[in-house]
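Per the working numbering, residue 9 is the first one in the sequence shown, and the count goes up by one each step.
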Amino acid sequence: MAKPLALSNSRELCRGMATLFKDGDVRRAVYARMLGSAMRSADTLVIDELGLDHGSCRIDIAVINGHIRGLEIKAEADTLARLPFQVSAYGEVVDKASLIVAERHLDAARLLVPDWWGVVLARRCANGEVALRRIRDEKVNRSIDPVTLARLLWRPEIVQMLRDLGHPERTLRAPRDALYPILASALPRRVLGARVRETLKARAVWRDRPRPQ
């Protein structure tokens, strides 16, 4: 059964509004309706546009605490052209994912996301707000790729992690791309995931923007 999120009386409010809404409209609603507790948690990092596989794909909104959760937005003004690639990229890294999708894309999008993805319907309301209604719950992703997960780390981070594990300095001088499979094979997947999450949450700055607050 579809479950409404925080916006009340969404069916009554969401009649008669024809204006196309964009990513930013949905993103504001997601922060307001879905991420309040995450934003208030000292143990949770919420970050926009988290790069995967060194930027080949980006998570629209990543929520990092005891797991990595990816939220992908498809507003009315968007297309679904990149969604299959994004689904594949998310599937190598995130523990859970949800697609927040405009009604015009809903039927087509549901055919493109696997059953472990949650689905949230986004609708423009008569008062100008975007209402959100969960259509399908998230499940746990069982197909994470350890090497791609490790690639969330910057070179200094992975070097330090390998040094702490006792790898010799000659190994640490290898090219960055050679270090990721070494780390992935050195740790159980659960341990690797925990260390990657803690490293991301501990970053004082991000290269292209201040640390999220």
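In this text, a Cβ means the ideal position worked out from N, Cα and C, and glycines have one as well.
For the alpha helix (DSSP H) holding residue i, just list the boundary residues, first then last.
{"i": "residue 106", "result": "First-last for residue 106: 104–110, but that is the beta strand (DSSP E), not the alpha helix (DSSP H)."}
{"i": "residue 172", "result": "163–172"}
{"i": "residue 96", "result": "91–99"}
{"i": "residue 158", "result": "154–158"}
Once you ignore the five residues that flank residue i on each side, which residues in its own chain have a CB closer than 7 Å to its CB?
{"i": "residue 144", "result": "126 and 127"}
{"i": "residue 171", "result": "180"}
{"i": "residue 92", "result": "120"}
{"i": "residue 151", "result": "99"}
{"i": "residue 62", "result": "159"}
Is any beta-carbon of chain B found at less than 8 Å from that of residue i?
{"i": "residue 151", "result": "You won't find chain B in this structure, because it holds only one protein chain."}
Determine which residues share a DSSP beta bridge with residue i and list them.
{"i": "residue 138", "result": "132"}
{"i": "residue 118", "result": "DSSP lists no partner for residue 118."}
{"i": "residue 127", "result": "107 and 144"}
Leaving out the 5 sequence neighbours to the left and right, which residues in its chain are closer than 8 Å to residue i when beta-carbon positions are compared?
{"i": "residue 176", "result": "none"}
{"i": "residue 169", "result": "161, 191, 203 and 207"}
If we ignore side chains and look at the alpha-carbon of each, how far apart do residue i and residue j end up?
{"i": "residue 156", "j": "residue 111", "result": "32 Å"}
{"i": "residue 37", "j": "residue 78", "result": "16 Å"}
{"i": "residue 210", "j": "residue 48", "result": "16 Å"}
{"i": "residue 195", "j": "residue 186", "result": "16 Å"}
{"i": "residue 90", "j": "residue 129", "result": "19 Å"}
Might you give, ordered along the chain, the residues of its own chain that have their beta carbon closer than 6 Å to the beta carbon of residue i, omitting 5 neighbours on each side?
{"i": "residue 153", "result": "100"}
{"i": "residue 85", "result": "28 and 30"}
{"i": "residue 21", "result": "Below a pLDDT of 50, predicted positions are generally treated as unreliable, and residue 21, at 43, falls in that range; the measurement from the model is reported next regardless. Once the five neighbours on either side are set aside, the close Cβ partners of residue 21 are 133, 134 and 135."}
{"i": "residue 200", "result": "154"}
With respect to 7 Å, is the separation between the Cβ of residue i and the closest non-hydrogen atom of the ligand NAP below this value?
{"i": "residue 45", "result": "The model depicted lacks the ligand NAP and carries no ligand whatsoever."}
Those runs of the beta strand (DSSP E) which lie wholly inside the stretch 26–83 and span at least 3 residues: 53–60, 65–72 and 76–82
Minimum length 4: unbroken alpha helix (DSSP H) runs contained in the stretch 173–210: 177–180, 184–194 and 197–210
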